[in-house]
Amino acid sequence: MAGQVTLKILVLGDSFVGKTSLINQFVNRKYSCDYKSTVGVDLSTRQISIEDKMVCLNVWDPSGTERFRCVSDNFFRGTDGCILVCSLTSKESFEDLASWKDEIVQRTSSSIPFVAVANKSDVDEMEWQLTTTRFESWCDLNNFPHFLVSAKDATNVENAFVELSKTAMNATKIDPTMFVFYSTLLTNVMVLL
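Right under this line is the structure:
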């Protein structure tokens with residue numbers, strides 16, 4: 005294996021959509037039915053192998069409450085990708101995805117990659133408040149890869165994180181011609197000083 009990459013991934017969405025459970029399933033391959041609201045920000049780490057590289061994912065899990073919106077811009081600095089989470093059992097959580105997306109774009113860069121997930125696919129469809137068609141249409145409109153996931157039974161959890169990781173790795177690759185350009189520019193600036 006050649007090289008290691010570290011990526012900062014944010015997982016954003018309303019409270020009660022299962023962000024922490026999703027992360028716990030991805031990092032620890034465990035699900036707990038005991039709900040504990042995230043206070044502040046939690047950080048979890050997992051290493052995966054992608055394209056012959058070890059990728060260390062630092063997965064940030066901020067509170068889904070309005071208090072989160074007061075978090076300093078420093079928290080967002082260095083973000084390599086974002087998973088937007090809604091729940092199939094909450095139409096409101098889906099409707100809030102646009103504001104979560106706008107929040108991170110405003111505080112980081114419009115070029116960071118997103119993956120959108122609709123959690124709780126294990127729940128009986130009679131309890132769903134969101135249709136897959138509506139979710140997929142919004143994701144297609146925003147050009148976001150998307151998955152129906154279940155933190156409880158692990159459906160598509162790994163796929164969502166791997167997809168975002170691959171996209172983030174490609175987004176952070178340095179174009180060799182740009183490296184030469186910036187190296188030359190830096191050299192010229194140093195000469196002037």
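Remember, this note's numbering sits 4 above the position in the sequence shown when you count from 1. No residue lacks a Cβ here, since even glycine has one placed at the ideal position from N, Cα and C. The structure displayed is predicted, hence computed values, not measured ones.
Quick check on the burial criterion: 16 or more other C-beta atoms within 10 angstroms. Buried or exposed for residue i?
i	result
V184	Interpretation of V184 is limited by its pLDDT of 41, a score under 50 that renders its predicted location unreliable; the figure taken from the coordinates is listed afterwards. So V184 counts as exposed.
Q133	exposed
W24	Note on identity: in this sequence residue 24 is Thr, with Trp being the wrong assignment. It is buried - the Cβ of T24 has at least 16 other Cβ atoms within 10 Å.
K34	exposed
K12	buried
C60	exposed
N32	exposed
Q110	exposed
G7	exposed
S125	buried
Reducing DSSP to helix, strand and coil, say where residue i ends up.
i	result
I108	helix
L16	strand
D157	coil
I116	coil
L92	coil
E167	helix
G22	coil
F151	strand
S53	strand
V31	helix
N123	strand
Within the same chain, show all residues whose beta-carbon is closer than 6 Å to that of residue i, passing over the 5 residues directly before and after it, in chain order.
i	result
L14	W64, T83, C86
Q29	Y35, A155, A158, V161
P149	V119, E167
E131	T93
Could you pull the DSSP bridge partners for residue i from this structure?
i	result
L47	W64
Q8	M58
G85	I13
Please return the same chain residues whose Cβ sits closer than 7 Å to the Cβ of residue i, not counting the five positions on each side in sequence.
i	result
T112	F80, T83
C169	Note that residue 169 is Ser in the sequence shown, not Cys. Here the set comprises L11, I52, I54, V59, L61.
I27	V15, S48, V63, D65
V127	L92, T93
A164	I87, V119, V121, F151, V153
Enumerate in chain order the residues of its own chain whose CB-to-CB distance from residue i is below 8 Å, with the five nearest sequence positions on each side excluded.
i	result
C90	G17, D18, V21, S97, F98, D100, L101, A120, V121, A122, N123, L134, F139
S141	none
A172	L11, I13, D84, G85, I116, P117
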